[in-house]
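J.:
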Amino acid sequence: MNVTFPCPTCGRIATAQASLAADWQCPACDHRMRLMATEPLIPTCGVCGNHELYKQKDFPHWLGMTILVVALVLSTVTYYSYEKWWSWAFLIGSAFIDGIMYLMVGDVIVCYRCNAHYRGAAPTQAHLPFEITLAERYRQEKIRQERLKSEKP
Ligand SMILES: [Zn+2]
Ligand SMILES: [Zn+2]
1 MNVTFPCPTC GRIATAQASL AADWQCPACD HRMRLMATEP LIPTCGVCGN HELYKQKDFP
61 HWLGMTILVV ALVLSTVTYY SYEKWWSWAF LIGSAFIDGI MYLMVGDVIV CYRCNAHYRG
121 AAPTQAHLPF EITLAERYRQ EKIRQERLKS EKP
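Note that the numbering used here has the sequence shown beginning at 1, numbered continuously upward.
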C-alpha cells in the first residue's frame, strides 16, 4: 500500500510506503515529519493522525468527462446526418463503458484533513463515502489556521 500526499509546508505531492513508520523529508523544502504505519486497516491517517477518512473510486474525473464529451460529439454528428441509431449507440455505449470502468477500478481512501490518498488497501466499515458537510468543516478549519498563521508577526 502506498500513500500520496501534499507536503504540509510547500504543497508538493509526495509518495511514500504506508506500511511502515518512517521519517520523511520533503525533497523540495526539506520539511521533516514522521509518517505512521497505517496497515492494514487505516484507522487513522498516517500523515496527519486524523481519524476521519473517506473512500472513493480511483477513477480519474477527466477520463469520464472525455468519454462523455467524445460520445456527445459523435452522437451529434450522426444525429444530423440522419443516422439516429448511431447516435443512440454512441450514447448508450459510452454510459456502458463508464459503468464497466467504474466497476473495474479500485477504491482509494482519502484523508479529509490533509488530502492524503491511500491506494492498495481494502476499505473497512470505518471508511464511508465522501460527505460534503465533513469536508466543509475541515475546509473551515484550514482557513482559520491559515488566518492565525498570517496574523502572527
Ligand atoms: Zn515541502
Ligand atoms: Zn491526513
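In this text, a Cβ means the ideal position worked out from N, Cα and C, and glycines have one as well.
Going by DSSP in three states, I13 sits in which element: helix, strand or coil?
T.: In the sequence shown, the residue the question calls residue 13 occupies position 13. In the structure shown, I13 sits in a strand (DSSP, three-state: E or B).
J.: Which residues in the same chain as M101 place their Cβ atom closer than 7 angstroms to its Cβ, once the five residues preceding and following it in sequence are excluded?
T.: Reading the sequence shown from its first residue, position 101 is the one you call residue 101. Contacts found: F59.
J.: For a test of the three-state rule: what should DSSP assign to R113, helix, strand or coil?
T.: Along the sequence shown, read from residue 1 onward, the residue named residue 113 stands at position 113. Coil at R113, not helix or strand.
J.: Once DSSP output is grouped into helix, strand and coil, what is the label at K152?
T.: Counted from its first residue, the sequence shown places residue 152 at position 152. In this structure, K152 counts as coil in the three-state DSSP scheme.
J.: Thinking L41 and A22 are a contact (beta carbons under 8 angstroms), I'd like their distance in whole angstroms, please.
T.: The residue you call residue 41 lines up with position 41 of the sequence shown. The residue you call residue 22 lines up with position 22 of the sequence shown. The Cβ separation is near 19 angstroms, so there is no contact.
J.: Taking the alpha carbon of Q145 as the reference point, which residue from P8, K57, M104 has its own alpha carbon closest?
T.: Along the sequence shown, read from residue 1 onward, the residue named residue 145 stands at position 145. Of the candidates P8, K57, M104, the one whose C-alpha sits nearest the C-alpha of Q145 is P8.
J.: Using only CA atoms, which one of C111, G120, Y79, V70 lies nearest to Q17?
T.: Along the sequence shown, read from residue 1 onward, the residue named residue 17 stands at position 17. Closest by alpha carbon: G120.
J.: For T26 versus A37, is the C-beta distance shorter than 8 angstroms?
T.: Position 26 of the sequence shown holds residue 26. Position 37 of the sequence shown holds residue 37. Rather than Thr, the amino acid found at residue 26 in this sequence is Cys. Not a contact, by the Cβ cut-off of 8 angstroms.
J.: Does the Cβ-Cβ distance between C45 and C111 come in under 8 angstroms?
T.: The count along the sequence shown starts at 1 and reaches residue 45 at position 45. The count along the sequence shown starts at 1 and reaches residue 111 at position 111. Cβ atoms of C45 and C111: closer than 8 angstroms.
J.: State the start and end residues of the unbroken alpha helix (DSSP H) segment that holds A71.
T.: Here residue 71 refers to the residue found at position 71 of the sequence shown. Counting along the chain, the alpha helix (DSSP H) containing A71 begins and ends at 61 to 80.
J.: With a Cβ-Cβ cutoff of 8 angstroms, do H117 and V108 count as a contact?
T.: Here residue 117 refers to the residue found at position 117 of the sequence shown. Here residue 108 refers to the residue found at position 108 of the sequence shown. Yes, they are a contact pair.
J.: Between R12 and ligand 1, is the CB less than 7 angstroms from at least one heavy atom?
T.: Taking the first residue of the sequence shown as position 1, residue 12 is located at position 12. Yes; taking the cut-off as 7 angstroms, the Cβ of R12 has a heavy atom of ligand 1 nearer than that.
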